[in-house]
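The C-terminal position of the sequence shown is numbered 491 in UniProt numbering, with every residue numbered one higher than the one before it.
The structure appears right after this line, and notes come after that.
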Amino acid sequence: PYMEQQGSHTLHPPRVLIFPFPLQGHVNSMLKLAELLALQGLHVTFLNTQFIYNRLLLHTDIQARFAAYPGFLLKTISDGLPDDHPRSSDTLLDLFDSMNSISKSLLKQMLASDELGSESSPSVTCIIADGLFGKFTTDVADELGIPIIHFRTIGACSFWVYFSIPNIIEAGELPIRGKEDMDRLINSVPGMESFLRCRDLPNFCRLSDLTNQSLHHLVQETHHSKRAKALILNTFEDLEAPILSHIQTQFPKIYSIGPLHTHLKHKLATVASSSQSSNSFLEVDRSCIAWLNAQPAKSVIYVSFGSLAVIVKDQLMEFWHGLVNSNTRFLWVIRTDLVTKEGDSAQILAELLDETKERWFIVGWAPQEEVLAHPAVGGFLTHSGWNSTLESIVAGVPMICWPYFADQQVNSRFVSEVWKIGIDMKDVCDRQIVEKVVNDLMVERREEFERVAEEMSMLARKSVNEGGSSYCNLERLIEDIRLARS
Ligand code: UDX
6 PYMEQQGSHT LHPPRVLIFP FPLQGHVNSM LKLAELLALQ GLHVTFLNTQ FIYNRLLLHT
66 DIQARFAAYP GFLLKTISDG LPDDHPRSSD TLLDLFDSMN SISKSLLKQM LASDELGSES
126 SPSVTCIIAD GLFGKFTTDV ADELGIPIIH FRTIGACSFW VYFSIPNIIE AGELPIRGKE
186 DMDRLINSVP GMESFLRCRD LPNFCRLSDL TNQSLHHLVQ ETHHSKRAKA LILNTFEDLE
246 APILSHIQTQ FPKIYSIGPL HTHLKHKLAT VASSSQSSNS FLEVDRSCIA WLNAQPAKSV
306 IYVSFGSLAV IVKDQLMEFW HGLVNSNTRF LWVIRTDLVT KEGDSAQILA ELLDETKERW
366 FIVGWAPQEE VLAHPAVGGF LTHSGWNSTL ESIVAGVPMI CWPYFADQQV NSRFVSEVWK
426 IGIDMKDVCD RQIVEKVVND LMVERREEFE RVAEEMSMLA RKSVNEGGSS YCNLERLIED
486 IRLARS
């Protein structure tokens with residue numbers, strides 16, 4: 006059934022290579038995309054760096070899960086860094102550089118020698134690469150004549166801001182001139198003129214040196230997506246239609262197929278498969294579910310700053326006191342590497358134990374999607390990573406946003422000003438403010454936020470149902486992958 010006859014050539018079935026940037030939020034959402042494509046019968050090769058693959062092997066059932074899909078291959082590539090090199094938010098530029106040189110040549114070699122295929126589908130006929138390293142993957146694809154599509158793990162809103170940064174600079178709206186300049190409106194991002202302030206731009210725009218490497222990378226890689234055949238975004242049209250139409254002026258072919266975790270859940274349910282498993286790099290601590298089971302409905306605020314953000318001990322203490330003083334129950338994810346500099350988190354936590362103990366629960370890593378869907382959870386204090394934002398939207402849980410870096414400053418502005426499903430407390434870390442916003446979200450303005458959040462949740466779920474926008478866009482994507490041939 007896999008062989009197609011075309012003229013005198015025998016064509017093997019198409020094989021798509023999926024290659025994420027080696028970070029939690031990226032691998033998580035691209036694995037979901039991979040499973041969605043595999044569910045529809047495509048042969049998929051998922052390429053991880055060796056470092057990330059080892060972590061997935063430790064904490065997930067990735068091999069068993071994907072063995073069930075015909076033609077699915079899990080492959081690895083070196084990220085070019087020594088094994089003991091730290092891989093954290095501080096060393097992302099090292100990762101960029103080493104992947105751009107070492108992984109690039111390895112990728113080319115692997116593709117050219119059909120190392121990424123199987124007997125029935127030996128050659129990669131389409132690449133879906135993470136647009137965060139759009140340049141080198143597109144260079145390789147072009148050199149080998151393989152069609153490439155870029156996937157971005159960020160929302161349309163921040164993608165459009167990244168893309169527009171050269172215009173902002175050209176218009177003289179950057180650099181930012183000190184603290185008092187932070188609330189100035191930015192006029193050169195089409196569609197955001199009325200609400201995007203300097204402080205809502207990606208944090209790298211705050212540096213007086215606008216040639217800084219982090220900003221340069223984000224902007225350049227985003228512009229390289231213009232060389233790709235198409236762009237896939239983990240978003241849905243009811244959430245971001247106005248921004249998507251601006252993006253379309255520059256990127257004519259876009260597939261908005263999110264929220265991917267909901268999309269996959271929906272598709273798995275239709276084939277009566279068990280629910281999705283974890284894609285976590287860390288050990289998931291499920292003990293918090295039993296604790297949540299014992300809490301009243303919507304009484305708990307879930308607190309998590311994602312996989313990369315780091316804070317200092319003073320910030321930890323401000324959040325702690327603010328949360329405790331708010332009298333709200335809370336479930337807090339404190340990764341072992343969340344707190345920098347002043348010693349280890351366990352030591353700090355030991356000092357926090359007090360008589361309020363029955364009102365809170367701390368874990369090192371939570372089953373987040375399940376936590377957000379739990380009836381006891383009524384709010385989310387988040388760093389506004391895009392996956393977390395989408396997961397909260399689907400669960401209908403209003404947010405308090407405390408963005409850390411990159412796309413998160415933009416996401417949090419959209420949550421509060423555009424979608425009106427939460428409060429943006431960026432740039433503030435003070436126990437009184439924390440107490441106040443927690444109270445606002447969980448008590449004072451609860452109904453107002455809940456109403457809008459529930460509406461958005463409904464639209465998110467509708468988008469992946471048969472006939473919904475993300476559902477149809479995925480069908481289109483799969484059809485185009487089947488037609489794409491090198
Ligand atoms: C950051 C960015 O902000 C994000 O937008 C970008 O695409 C990738 O880099 P990150 O800090 O990983 O991402 O945050 P987020 O995108 O929210 O992803 C975190 C993921 O980890 C989510 O899928 C979340 O469900 C999961 N998670 C988090 C857990 O499973 N358990 C936890 O305890 C915390």
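We treat Cβ as the ideally placed atom computed from N, Cα and C, and that holds for glycine.
- As the crow flies, the alpha-carbon of residue 406 is around 12 Å from that of residue 412.
- Collapsing the DSSP output to three states places residue 122 in coil.
- By the C-beta density criterion, residue 19 is buried, having at least 16 other C-beta atoms within 10 angstroms.
- Counting the other CB atoms within 10 Å of its CB gives residue 472 a total below 16, which places it among the exposed residues.
- For residue 407, the distance from the CB to the nearest heavy atom of the ligand UDX is not below 7 Å.
- Using a Cβ-Cβ distance cut-off of 8 Å, the region 364-381 and the region 233-252 are not in contact, since fewer than three pairs of beta carbons, one from each stretch, lie closer than that value.
- For the pair of segments examined, the region 123-133 was found not to touch the region 216-231: the number of CB pairs separated by less than 8 Å stays below three.
- Between residue 31 and residue 100, the C-beta gap is not smaller than 8 Å, which leaves the two residues out of contact.
- Segment contact: the region 175-187 against the region 261-271, fewer than three CB-CB distances shorter than 8 Å; contact not assigned.
- Comparing C-alpha distances from residue 487 to each of 74, 61, 132 shows the shortest one belongs to 132.
- Residue 353 is positioned such that its CB atom lies closer than 8 Å to that of residue 321.
- Taking a cut-off of 8 Å for Cβ pairs, the region 331-342 and the region 362-379 touch, as three or more such pairs fall below it.
- Taking every protein chain shown into account, the CB of residue 438 has fewer than 16 other CB atoms within 10 angstroms, so this residue is exposed.
- Bounds of the alpha helix (DSSP H) holding residue 293 are 292-298.
- Annotation: the continuous alpha helix (DSSP H) that includes residue 481 extends over 474-488.
- Within 10 angstroms of the beta-carbon of residue 431 lie 16 or more other beta-carbons, which makes it buried.
- A buried status is given to residue 334, since no fewer than 16 other beta-carbon atoms sit within 10 Å of its beta-carbon.
- Of the other Cβ atoms in all chains shown, fewer than 16 fall within 10 Å of the Cβ of residue 150; this residue is therefore exposed.
- By the criterion of a C-beta distance shorter than 7 Å, residue 467 is surrounded in its chain by 473, once the five residues flanking it on both sides are discounted.
- For residue 313, the distance from the CB to the nearest heavy atom of the ligand UDX is below 7 Å.
- When rounded, the separation of the alpha-carbon atoms in residue 402 and residue 440 is 18 Å.
- For residue 80, DSSP records a beta bridge to 52.
- For residue 83, the closest C-alpha among the options 65, 57, 93 is that of 57.
- With a threshold of 7 Å, the Cβ atom of residue 427 does not count as near the ligand UDX, since no heavy atom of the ligand is closer than that.
- DSSP places residue 70 inside the alpha helix (DSSP H), whose first and last residues are 67-72.
- The beta-carbon distance between residue 357 and residue 315, rounded to whole angstroms, is 18 Å. This is too long to meet the 8 Å contact definition.
- Residue 140 counts as buried, since at least 16 other C-beta atoms from the protein chains shown sit within 10 angstroms of its C-beta.
- Around residue 290, the same chain offers 368, 369, 370, 371 as residues with beta carbons nearer than 7 Å, after the five sequence neighbours per side are excluded.
- Take residue 70, set aside five residues on each side of it, and the residues of its chain with a beta-carbon closer than 7 Å to its own are 282, in chain order.
- By the Cβ-count criterion, residue 362 is exposed, with fewer than 16 other Cβ atoms from all chains shown falling within 10 Å of its own Cβ.
- In this structure, residue 145 places its C-beta atom within 8 Å of the C-beta atom of residue 116.
- Boundaries of the beta strand (DSSP E) harbouring residue 305: 305-309, taken from the DSSP string.
- Note that the region 228-247 touches the region 154-163; at least 3 beta-carbon pairs, one per stretch, sit closer than 8 Å.
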